[in-house]
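Below is one structure, written out as structure tokens, with a few remarks after it.
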Amino acid sequence: MDEKSKSNMSRRKFIRNSSYAAGGLIGGGILGSIIGTNYFGETEQPSTGSSKESNFNRALMYFTRQSDFQILSAATERIYPKDENGAGAIQLGVPYFIDHELAGAYGHNEREYMKGPFFSGTDYQGYQTPLKRHDVFMAGIRAMEQESKSNYDASFIDLEGEQQDEILKKFENDEVKLKHVSSAYFFEMLRTATISGAYADPLYGGNADMEAWKMKNFPGSQMTYLNKIGSEKFIEMKPKSLRDHLS
Amino acid sequence: MAKKLNKVDVVTVGVGWAGGIIASELTKAGLKVVGLERGEERTTEDFQMVHDEYRYAIRYELMQDLSKETITFRNSLNEQALPMRQYGAFLIGTGVGGAGAHWNGDTWFFSPYDFEIKSMTDKKYGKNKLPKEYTLQDWGITYDELAPYYHQFEKMAGTSGELNPLRPERTEEYPTPPMKSTPILDRYMEAAKKLKLHPFRQPSANISEVYKNPDGQTLNQCQYCGFCEKFGCEYGAKSSPNVTVIPTALKTGNFELRTHANVTGIIHDGNKATGVRYVDVQTGEEFDQLADVVVLTSYTLNNTRLLLQSELGRPYNPETGTGVIGKNYCYQITAVATGFFKERFNAAMGAGSLGTTLDDYNNDNFDHSDLDFIHGGSITMKQLGKRPINENGAPSGTPRWGKEFKAESIKWFNRSIPVTSQGASMPHRNNYLSLDPTYKDAYGNPLLRMTYDFTKQDQALYKYITARCAEILTEMGAEVVEPKELTEHFDIVPAQNDHITGGVIMGADPETSALNNYLQMWDVDNVFVIGASAFAHNGGYNPTGTVGALAYRAAEGILKYREQKGQLVKRESSNKLA
Ligand SMILES: Cc1cc2nc3c(=O)[nH]c(=O)nc-3n(C[C@H](O)[C@H](O)[C@H](O)COP(=O)(O)OP(=O)(O)OC[C@H]3O[C@@H](n4cnc5c(N)ncnc54)[C@H](O)[C@@H]3O)c2cc1C
Ligand code: SF4
Chain A
1 MDEKSKSNMS RRKFIRNSSY AAGGLIGGGI LGSIIGTNYF GETEQPSTGS
51 SKESNFNRAL MYFTRQSDFQ ILSAATERIY PKDENGAGAI QLGVPYFIDH
101 ELAGAYGHNE REYMKGPFFS GTDYQGYQTP LKRHDVFMAG IRAMEQESKS
151 NYDASFIDLE GEQQDEILKK FENDEVKLKH VSSAYFFEML RTATISGAYA
201 DPLYGGNADM EAWKMKNFPG SQMTYLNKIG SEKFIEMKPK SLRDHLS
Chain B
1001 MAKKLNKVDV VTVGVGWAGG IIASELTKAG LKVVGLERGE ERTTEDFQMV
1051 HDEYRYAIRY ELMQDLSKET ITFRNSLNEQ ALPMRQYGAF LIGTGVGGAG
1101 AHWNGDTWFF SPYDFEIKSM TDKKYGKNKL PKEYTLQDWG ITYDELAPYY
1151 HQFEKMAGTS GELNPLRPER TEEYPTPPMK STPILDRYME AAKKLKLHPF
1201 RQPSANISEV YKNPDGQTLN QCQYCGFCEK FGCEYGAKSS PNVTVIPTAL
1251 KTGNFELRTH ANVTGIIHDG NKATGVRYVD VQTGEEFDQL ADVVVLTSYT
1301 LNNTRLLLQS ELGRPYNPET GTGVIGKNYC YQITAVATGF FKERFNAAMG
1351 AGSLGTTLDD YNNDNFDHSD LDFIHGGSIT MKQLGKRPIN ENGAPSGTPR
1401 WGKEFKAESI KWFNRSIPVT SQGASMPHRN NYLSLDPTYK DAYGNPLLRM
1451 TYDFTKQDQA LYKYITARCA EILTEMGAEV VEPKELTEHF DIVPAQNDHI
1501 TGGVIMGADP ETSALNNYLQ MWDVDNVFVI GASAFAHNGG YNPTGTVGAL
1551 AYRAAEGILK YREQKGQLVK RESSNKLA
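So the sequence lines, in the order shown, correspond to chains A and B. For the first sequence, position 139 (counting from the first letter as 1) is numbered 139 according to the working numbering, and the numbering increases by one without interruption. Heads up: take any position in the second sequence, counting from 1, add 1000, and you land on the working numbering.
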């Protein structure tokens, strides 16, 4: 049941139909800058984030060793693999998303409470470690490689998919010892970051060409659903990214 | 040395809904008001790039910066409390507009039963319905007394809605008609009716049509953009302090809004406050803002913390049950069941409070004689607008990562939808707020310590209501229906509910409450404490309608206080202590 309803409402019609025109009100929000931009796809802009053109965002900001980055990449691909639905984590740019996030506020826990003293606490008190996220990632990645070398005598990146899964499961089940943090916590962070990178707006370097949104039939950042919200039919739309809102 | 600033009529600590309402009402009456807000300035213009799930709903850009200040948490009295180091269970707002800038917009009136819960429960079920560890209290005000203020809040906010068949005491229509419905909400409506329940389109501050409020502020029409809860509205369509009361206050010329001003204490001289001390968080300078009346509008947590830290009022002691500041901290019990359907819905479209709900299992609308709990919760299906990072649900048994996870989470994205309940939360002797002995905030002051766990009452209520949520989904024809289980203890990690209440409660008796029904402190006549901190328990609805109503009543109280000074309400002392 893939009913397609083309969204070809023109911008003029949108403004006529919406309350803004009716009340002569421009809210000052996105609409304030709508005039002259291409919200309704009248003029297509070339997509960004695509591997077809050179993309200077695809470089390392946090990792210094390429091997660490490759291990991370392989792990994310097992969490969100390429399949018949479409692209996997690597093709979507998830490892770059994570690299860039680790270099910034996220990786450095800028908005988390990081003062001591540190105690491990009960199962209900949440994470309690002095390590910042980038430290946890680094420790986790190095430990994955260590596990791989001692169990299979090979680098994580050279293992079969199933073997990589076995290692990831050990982390998930908290069977690997890391300094000052549980391996389950690292795995949880890796999983969340992978999903975030796949589905965040492409502005962050993942979700290349909005492919992950297309797989999920998520329309991204649309201006309005005022005239669609009541539809009995499922409406497929070409997704829009925040780039489309920048005038 | 803190720099002394000239005295003003009123200073408010925090500029969200509560601070905004106080500012607008008092400045319209000609008073000079200074609003101190720890966060940054924020207007509709700041929301032009807001459709960003990662920034706002995952990294919580609009919420309080926990590196500066958080709470510590423990489940029980004999545990060591530890800091909530990152966000999880609940979120706390900051910046101009407070959490009102990014709330959903569900706008409710608590029920007549809520305000007189203790008397009504005792009368109907006898004195021992709940064991004595539950510190249930009446609020010192009735629904009828508060009703006019509720309507005042709604008219200011322009709330869209439809009359609730089980709330006959409401006499006025909503200022604007209900929002548009959707196929999934229609189905909920039909299924609930088949089950002989009483569904209706729930009240919403995502406004259904252009609306001009009595203060002359215009709200726009909701575009159902799907980025509402945790996001600001780029259209100025969601009623928020930023598009209503704050501009109204500023327009009078009597309101000075000072941002980046973090209040660290109330300055007082015995039983009278003389002002507040704050830090300019950008420069580190300290100031004393002197004022005739000090109004705490800094939300449940900081309202409580500032009183404890400033040694105003009597701190609550769980061992003896005496004292009031910190008492009756409550959460809300979010019962939820998810339905997985064969067909696809336009699940990405939606709005923060676009929903259909029913009250058949809320308040005392059903007989509790044979049940081991009181109260209940509203049961709602909402179409919030699903977003892809947060929504990866699939029937249980699906792996959490890998090939099958990916395929299933993609498959169900537009096919699953939850029925949720805001379950009421009853106060318990051991659930309370106090100052932490170990951990400090960025300014060297103790963090607030939360001691909280689910009670037997919570567990029983959760179980009962979750089963009701599931029944409706089954009637709706969901292929798979999955009720969620409550964790054994309250867990600070998973997101649950943003409605936390109590700590500075209102009541008729100064022995057992901190505030009278104008939210004036019993112990300090020129301090008013406004927010969900005043709730003596938490009801089965979202809290902000009630916060707003209480703020309008407090504004009236402050104006009265200017005329007559002293206590506005006669003390009623409890028999047991007399
Ligand atoms: C994501 C989310 C969704 C919600 N949805 C709903 C809903 O649909 N319906 C509903 O009824 N409720 C909802 N709520 C709750 C609602 O937002 C609050 O009830 C309401 O905003 C409370 O208003 P307030 O003014 O009391 O507090 P706040 O909005 O929290 O405002 C308090 C202000 O005080 C400031 N402040 C705190 N401490 C200090 C200090 N020391 N110095 C200076 N300033 C200080 C804060 O920065 C803040 O701006 C939601 C909450 C969240 C987080
Ligand atoms: S859903 Fe409506 S009220 Fe909410 S942010 Fe979008 S347009 Fe604004």
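By construction, the Cβ of each residue, glycine as well, lies at the ideal position given by its N, Cα and C atoms.
Any beta carbon of chain A sitting closer than 8 Å to that of residue i?
| i | result |
| --- | --- |
| H1428 of chain B | no |
| W1401 of chain B | yes |
| N1346 of chain B | yes |
| R1085 of chain B | yes |
| H1051 of chain B | yes |
| G1355 of chain B | no |
| L1066 of chain B | yes |
| K1118 of chain B | no |
| A1467 of chain B | no |
| I1410 of chain B | yes |
| C1225 of chain B | yes |
| H1489 of chain B | yes |
| Q1567 of chain B | no |
Can you give me the C-alpha to C-alpha distance between residue i and residue j, rounded to a whole angstrom?
| i | j | result |
| --- | --- | --- |
| K4 of chain A | Q222 of chain A | Only weak support is given to the placement of K4 of chain A: the predicted model assigns it a pLDDT of 35, under 50, and the question is left unresolved by the model. |
| S33 of chain A | E1045 of chain B | Confidence at S33 of chain A is low in this model, with a pLDDT of 40, below 50, so the placement of that residue should be treated as unreliable; the coordinate-derived value is given next. Their Cα atoms are separated by approximately 10 Å. |
| D1144 of chain B | V1547 of chain B | 16 Å |
| F1110 of chain B | N1271 of chain B | 33 Å |
| A1081 of chain B | S1409 of chain B | 37 Å |
| K177 of chain A | T1264 of chain B | 42 Å |
| A1532 of chain B | A198 of chain A | 38 Å |
| F1047 of chain B | E1234 of chain B | 5 Å |
| L1296 of chain B | Y1278 of chain B | 13 Å |
| F1227 of chain B | A1351 of chain B | 7 Å |
| G24 of chain A | L242 of chain A | Legend: pLDDT at G24 of chain A = 34, less than 50; position of this residue unreliable, no value from coordinates given. |
| I71 of chain A | A154 of chain A | 12 Å |
| G1039 of chain B | G1232 of chain B | 15 Å |
| Y96 of chain A | I1058 of chain B | 18 Å |
| L1371 of chain B | T1455 of chain B | 15 Å |
| M1084 of chain B | F1340 of chain B | 33 Å |
Spell out the partners DSSP gives residue i in its beta bridges.
| i | result |
| --- | --- |
| N1317 of chain B | B:T1322 |
| V960 of chain B | Nothing about residue 960 of chain B can be read from this structure; chain B reaches only from 1001 to 1578. |
| C1233 of chain B | C1233 of chain B pairs with nothing; no bridge assigned. |
| R1258 of chain B | B:L1036 |
| L1082 of chain B | B:F1073 |
| R1277 of chain B | B:G1265, B:D1288 |
Verify the CB distance criterion: does residue i have a CB-CB separation below 8 Å to chain B?
| i | result |
| --- | --- |
| P259 of chain A | A query on residue 259 of chain A cannot be resolved here, the shown segment of chain A reaching from 1 to 247 and no further. |
| I141 of chain A | no |
| I90 of chain A | no |
| D201 of chain A | yes |
| F296 of chain A | Residue 296 of chain A lies beyond the range of chain A shown here (1 to 247); nothing can be said about it. |
| Y152 of chain A | no |
| D83 of chain A | yes |
| N217 of chain A | yes |
| R111 of chain A | yes |
| L226 of chain A | yes |
| R243 of chain A | no |
Does the Cβ of residue i lie closer than 7 Å to at least one heavy atom of ligand 4?
| i | result |
| --- | --- |
| F1231 of chain B | The model depicted lacks ligand 4 and carries ligand 1 and ligand 2 instead. |
Among the options, which one has its Cα closest to the Cα of residue i?
| i | options | result |
| --- | --- | --- |
| R1562 of chain B | B:A1549, B:V1527, B:N1538 | B:V1527 |
| A1460 of chain B | B:Q1496, B:G1423, B:D1441, B:R1038 | B:G1423 |
| V1243 of chain B | B:L1219, B:E1256, B:C1225 | B:L1219 |
| L1384 of chain B | B:V1010, B:N1104, B:Y1452, B:L1435 | B:N1104 |
| V1015 of chain B | B:I1246, B:A1002, B:S1239 | B:I1246 |
| I79 of chain A | A:L242, A:D165, A:M210, A:S247 | A:D165 |
| I1021 of chain B | B:A1554, B:K1570, B:Q1567 | B:A1554 |
| E1173 of chain B | B:P1183, B:K1155, B:E1479 | B:K1155 |
| Q1520 of chain B | B:L1435, B:G1140, B:V1034 | B:G1140 |
| G1321 of chain B | B:H1537, B:Q1309, B:T1512 | B:T1512 |
| P1437 of chain B | B:T1501, B:E1061, B:R1305 | B:R1305 |
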